[in-house]
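Visitor:
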Amino acid sequence: MVLGGDYSHWNIPNWATLVAAGHKFCWLKVSEGPAWLDAKYVAHRLAARSAGLVTGPYHYFRAAWGGATQAQHFFDNAYNDTLPPAVDVEAINNTGFTKDVFKSRLRDCLLKTEELFGRKPIIYTSKSKWELLVGLAGWESEYDLWVAHYTTAAAPLLPTGFTDWKVWQFTSTPLDTNRMKQTYWDQFNSPPPPPPPPVGTVTITIQKSTADDLRRALA
57 MVLGGDYSHW NIPNWATLVA AGHKFCWLKV SEGPAWLDAK YVAHRLAARS
107 AGLVTGPYHY FRAAWGGATQ AQHFFDNAYN DTLPPAVDVE AINNTGFTKD
157 VFKSRLRDCL LKTEELFGRK PIIYTSKSKW ELLVGLAGWE SEYDLWVAHY
207 TTAAAPLLPT GFTDWKVWQF TSTPLDTNRM KQTYWDQFNS PPPPPPPPVG
257 TVTITIQKST ADDLRRALA
């Protein structure tokens, strides 16, 4: 497993301490809804990358607005970094909508995010929040899951419709901390293939009789 975090304007990470503790990555909040921006995103990204962390952007989905508009806002203000874009699905400011409305707008956000970034986003959510807001969508298995479940158990509980997780936010103390599966990490951080071996000098020895025959043939 690979350790990492996720941070927004609410957090003041000590980047050196995180790296010393073994952290390798972080997702950083960029946007929320169709207009709001995280004022710390750019500074957080610069500091995290300067400390040696691999970064990715995330957007907090708000069901009050169309999903495609939110995806455009997200893309316009995010760096398309090493980690895939993440769409954060939580209950705060997202209740009071039917599941059909929520699913439809979220799906639009996910599809437009994929179109703009050129890569499929990962969904951040928890079992309880997903089942409250979405239930069974029918398309959730198309997406990688970043699941929140604060537990000391060996594995997290999965939301309905998902069969596996790629990233697990297992605690929020003192800051959000995640485990990423090594195979998922390797998708984005595989070492480059080794360069081809240098072309050596090939020496060809031609017997004198053969060389004479070759000269006569070329004459």
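Be aware that the sequence shown starts at 57, since it is given in the working numbering, and climbs by one per residue.
Every residue gets a Cβ at the ideal spot worked out from N, C-alpha and C, and that includes glycine.
A quick note: this is a predicted structure, and the numbers were derived from the prediction, not measured.
Where DSSP assigns a beta bridge to aspartate 62, which residues make up the other side?
Guide: Trp83
Visitor: In this structure, what does DSSP give as the bridge partners for glycine 112?
Guide: Trp83
Visitor: My understanding is that leucine 172 touches glutamine 128, with C-beta atoms under 8 Å, so please give their C-beta distance in whole angstroms.
Guide: 7 Å
Visitor: What do you get for threonine 257, buried or exposed, if any count of 16 or more other CB atoms within 10 angstroms of its CB means buried?
Guide: Low per-residue confidence applies at threonine 257: pLDDT is 48, beneath 50, and the placement is therefore not dependable, though the value from the model is reported in the following sentence. Threonine 257 is exposed by the Cβ-count criterion.
Visitor: Suppose you measure from the CA of cysteine 165 to the CA of histidine 65; what does that come to, to the nearest Å?
Guide: Cysteine 165 and histidine 65: Cα-Cα distance of roughly 23 Å.
Visitor: Take arginine 105 and list the residues in its own chain whose beta-carbon comes closer than 8 Å to its own, dropping the five residues that flank it on each side.
Guide: Once the five neighbours on either side are set aside, the close Cβ partners of arginine 105 are Thr111.
Visitor: Give me the residue from Thr151, Pro230 and Gly194 with the minimum Cα distance to tyrosine 63.
Guide: Of Thr151, Pro230 and Gly194, the residue nearest in Cα terms is Pro230.
Visitor: Could you please give me the residues that DSSP links to threonine 181 through a beta bridge?
Guide: Val203
Visitor: The alpha helix (DSSP H) that contains valine 143, what's its start and end?
Guide: Run containing valine 143: none in the alpha helix (DSSP H); it sits in the beta strand (DSSP E), 142-144.
Visitor: If we call anything under 7 Å between Cβ atoms a contact, is leucine 283 one with histidine 100?
Guide: One cannot answer for residue 283 here, as it falls past the ends of the chain, which runs 57 to 275.
Visitor: In angstroms, rounded to a whole number, what distance separates the CA positions of alanine 147 and leucine 188?
Guide: So the two alpha carbons sit approximately 8 Å from each other.
Visitor: Out of Lys183, Asp137 and Ser87, state which residue places its alpha-carbon closest to the alpha-carbon of proline 215.
Guide: Lys183
Visitor: Could you check the C-alpha separation between alanine 209 and phenylalanine 244 for me, to the nearest Å?
Guide: 27 Å
Visitor: Need the endpoints of the alpha helix (DSSP H) that tryptophan 71 sits in, please.
Guide: 71-76
Visitor: Whose CA, out of Gly191, Thr154, Phe81 and Trp92, lies closest to the CA of leucine 59?
Guide: It is Phe81.
Visitor: Determine the extent of the beta strand (DSSP E) in which threonine 227 is found, giving its start and end residues.
Guide: 223-227
Visitor: Could you name the residues of the same chain whose beta carbon sits closer than 8 Å to that of isoleucine 260, not counting the 5 residues immediately before and after it, in chain order?
Guide: Residue placement at isoleucine 260 cannot be trusted, given a pLDDT of 48 that sits under 50; the coordinates are not used to answer.
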